[in-house]
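In this note's numbering, the protein residues as written are -18 to 321. Just so it is clear, CB atoms sit at the ideal spot from N, CA and C, and this is done for glycine as well.
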């Protein structure tokens, strides 16, 4: 005979309605009671009928996660993987499934359009690179719950979004370098024209001006390849030989920068300090270990899905915004003592 909610409730000593709310992710009860209910479900081998629940509630119990199909690195990108892991974890805790959809550039072929108008998901999380005007128009018109991961460069007041505070992060890097005795920092960026790069650039410039760095600090665009970074570092030191610190856009760029500096006979951190954005995946394992502006992409995913659930609960017209703070992790690559 099949196990029912009543059997679970009887074993735990609660009302069947409490068990039902726990299964649906809507119960406001103690963690201890919730744990006992889940343990009883496991012990009695109880499996909720998700289809029946969805039909009864008018809900798919599914969240859509959009990938930028034009980005061939999307499935292997560590930034995406950590954020998606957090999204999936929170979704499961609330009794939701996660559906991955690939984005395309033509709205008539949009996987997202099919999800929304076909009522296949209850809400959507999408990267800022996929937030086209056509897609935003569709979601806003249908008052469909959605959250953008990444600060958009337009229509900010019309949508809900969450991002890392890149502007503060680059300013923190500059302040850290000055605290370690460096006086002429430079920043390397990949020339993608994204909003987060513009924010990093703004934070860097403002912090450099506050310390009276010439021209607000040297900024150089580069390709994130060994050859591209080697050429960028050569150009940087040729055009501004007094450069004594470099802020890199990520771990790979920092790795190639270290290699280029060694090739040029520069010592890190004695001659030039190196800071990388993002502590993951191998900043601490480099030689020397890399000082990092830590970007908590797991928390970014958590905040995105919590924001989405809030919008789903209160209505699709909610407009929420959040910037997640960064933090400095000091390691050997900037461990030069302040000058006395």
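- In the structure shown, residue 296 falls within a coil segment according to DSSP collapsed to helix, strand and coil.
- A Cβ-Cβ separation of about 4 Å places residue 202 in contact with residue 172 under the 8 Å criterion.
- Here the region 178 to 193 lies against the region 132 to 150, with 3 or more beta-carbon pairs under 8 Å apart.
- Taking a C-beta distance under 8 Å as the contact criterion, residue 242 and residue 214 qualify as a contact pair.
- In its chain, beyond the 5 residues on either side, 199 have a beta carbon closer than 6 Å to the beta carbon of residue 221.
- Just so you know, the alpha carbons of residue -11 and residue 2 end up roughly 13 Å apart.
- Per the DSSP secondary-structure output, residue 43 pairs in a beta bridge with 78.
- Restricted to the region 148 to 226, the beta strand (DSSP E) segments that are unbroken, complete and at least 3 residues in length are 166 to 170 and 199 to 202, listed in chain order.
- The shortest C-alpha to C-alpha distance from residue 109 to any of 95, 48 and 280 is the one to 48.
- Residue pairing by DSSP places residue 236 in no beta bridge whatsoever.
- Taking a 10 Å sphere around the C-beta of residue 251, we find fewer than 16 other C-beta atoms and assign the residue as exposed.
- Look at residue 83 here: in three-state DSSP terms it is strand.
- Pairwise C-beta distances place the region 123 to 138 out of contact with the region 162 to 171, as fewer than three of them are shorter than 8 Å.
- Residues 237 of the same chain have their beta carbon placed closer than 8 Å to that of residue 206, with the five preceding and five following residues left out of the count.
- When the alpha-carbon of residue 112 is set against those of 123, 66 and 93, the nearest one is in 93.
- Listed in chain order, the non-local C-beta contacts of residue 223 below 7 Å within the same chain comprise 165, local neighbours out to five positions each way being set aside.
- Each of 258, 219, 247 and 249 was checked against the Cα of residue 234, and the nearest Cα belongs to 258.
- Here DSSP, grouped into helix, strand and coil, assigns residue 302 to strand.
- DSSP places residue 282 within a helical segment (H, G or I) once states are collapsed to three.
- According to DSSP, residue pairing for residue 309 in a beta bridge involves 274.
- Under the Cβ criterion (8 Å, minimum of three pairs), the region 115 to 127 counts as touching the region 289 to 301.
- Listed as beta-bridge partners of residue 257 by DSSP are 229 and 273.
- The Cβ-Cβ distance between residue 120 and residue 226 does not fall below 8 Å.
- DSSP, reduced to helix, strand and coil, places residue 103 outside both helices and strands of the structure shown, so it counts as coil.
- Excluding the 5 residues flanking it on each side, residue 311 has same chain C-beta neighbours closer than 6 Å at 272, in chain order.
- The Cβ-Cβ distance between residue 63 and residue 278 falls below 8 Å.
- In the DSSP assignment, residue 48 is bridged to 83.
- When the alpha-carbon of residue 178 is set against those of 83, 217, 262 and 229, the nearest one is in 229.
- Under a 10 Å Cβ-count criterion, residue 144 is classified as buried, with 16 or more other Cβ atoms of the shown protein chains found around its own Cβ.
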